[in-house]
Structure formats: structure tokens, C-alpha cells
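Counting in the numbering used here, the sequence shown runs from 261 upward without gaps. Reading through the C-alpha cells given below for one structure.
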Amino acid sequence: MLQPTTPTEEVINHNVVKTEAKQGPILKIGEWQLNWKAQGANTGYSFSIYETTLGAGNGLPLHKHPYPEFFYLLEGSLAFCRWNNAGAAEWIQCETGDSILAPPNAPHTFFNKSALPARFLSVSTYHHERMLKDAINPGGDLNYLPSQLSTADFEQLFKSMEKDQVYVVADHA
Numbered sequence: 261m262l263q264p265t266t267p268t269e270e271v272i273n274h275n276v277v278k279t280e281a282k283q284g285p286i287l288k289i290g291e292w293q294l295n296w297k298a299q300g301a302n303t304g305y306s307f308s309i310y311e312t313t314l315g316a317g318n319g320l321p322l323h324k325h326p327y328p329e330f331f332y333l334l335e336g337s338l339a340f341c342r343w344n345n346a347g348a349a350e351w352i353q354c355e356t357g358d359s360i361l362a363p364p365n366a367p368h369t370f371f372n373k374s375a376l377p378a379r380f381l382s383v384s385t386y387h388h389e390r391m392l393k394d395a396i397n398p399g400g401d402l403n404y405l406p407s408q409l410s411t412a413d414f415e416q417l418f419k420s421m422e423k424d425q426v427y428v429v430a431d432h433a
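Below you can see the structure in the form of C-alpha cells.
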């Protein structure tokens, strides 16, 4: 017969985890580096958080996925794109302290149009973490993609991610 856990055992097995500044597991996509602050394995697979710095002139094509994504701008400025009610791309400029929420299946992207790097947090479900990790390592090569992802790069990336239902909607240009 199994013995119930004691309060001490419960605390030992479910404890607070601190991640120091500039610490945490790193996922590299070309020159783009994602610094994981919380991973699914430590959150009951309910959410993941990464911090990253996006260099000037870098961004992603407009894309969508079936899970929400939240962005919080820590430093610098980023332009986020969404579709407006007329079905046209609309850019929203965000500065330090601003946040953006992309609901499930909402076409969205971000692009650093400034001359300086932009640092931000991304919070999403564990599926987003898994999609990023699975997609950038199709053959064991962690430098699979360049830092500036073209539409062709993204299409190649997303071919391996059909199980996560991530789709390029349009180029950001």
C-alpha cells in the first residue's frame, strides 16, 4: 500500500525555482537566441516563457498558431503586425513596458524597425515551446536557420511542424 506524502515531501517535490538574470537554458535559431525562463517541464506543461533580444532589421513573417502568445517589451521598440477589420496588415508600434496579446489563431508578427536591439519576453503554452524546439532541430543541427527568417526559411521550418498547426500567413515586408 502506498503511503501518503508528508508535508515535507510535498514541499521538497514542489518548490520555487529561481532563474538568475541572463541565465536559463538557451535555444539558438541561427544568431537568434531564446533564453528560457520557464519551460513546460517545470510548469506542469501549462506554459513557457522565453526572453530574447531581436537585432535591428530582424523579424518574422506574419503567422498564426492555435495557441495564444503574449509579448512584454523589456527594452527598445518593436513593431507588431496584425490584420485589421478590412483584412489588411496593420502595424502597431510598441515601446518599453508595452505588451501585445495574440489570441489563438490570430495572424501576428513582430519586426524590429529601429536601429537598436529590442529585448522582450514571450509567454505561451507548452505547445509553442515544443514547436520551436522540434522545428529548429530536424536533423540535430541547432543552427538550422539564419537570424533573419525569410518566408522561404519559415516555410521550410513550418513543413516540419504540421502537428502543431503553425502557418505562415504572409511576408512582413
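Every residue gets a Cβ at the ideal spot worked out from N, C-alpha and C, and that includes glycine.
Own chain partners of residue i with C-beta closer than 6 Å, once the 5 adjacent residues on each side are dropped
i    : result
L314 : N372, A378
K279 : Reading the sequence as shown, one finds Thr at residue 279 and not Lys. Cβ neighbours of T279 beyond the five flanking positions: K297.
Beta-carbon gap between residue i and residue j smaller than 7 Å
i    : j    : result
A375 : A316 : yes
W351 : P367 : no
F330 : F370 : no
I312 : L294 : The sequence given here places Thr at residue 312; Ile does not occur at that position. Yes.
P326 : P364 : yes
E389 : G300 : yes
Per-residue DSSP class, three states only, for residue i
i    : result
Y404 : Any reading at Y404 is ruled out, since the residue's pLDDT is 42, under 50, leaving its predicted position unreliable.
G399 : Low local confidence applies: a pLDDT of 43 at G399 is under 50, so the model's placement there is unreliable, with the coordinate-based value given in what follows. The answer is coil: DSSP assigns G399 none of H, G, I, E or B.
L320 : coil
H274 : coil
CB-CB length for residue i against residue j, believed under 8 Å
i    : j    : result
S337 : C354 : 6 Å
First through last residue of the beta strand (DSSP E) which encompasses residue i
i    : result
A349 : 349-355
S359 : 359-362
Own chain residues within Cβ distance below 7 Å of residue i, not counting five before or after
i    : result
G357 : L333
A346 : none
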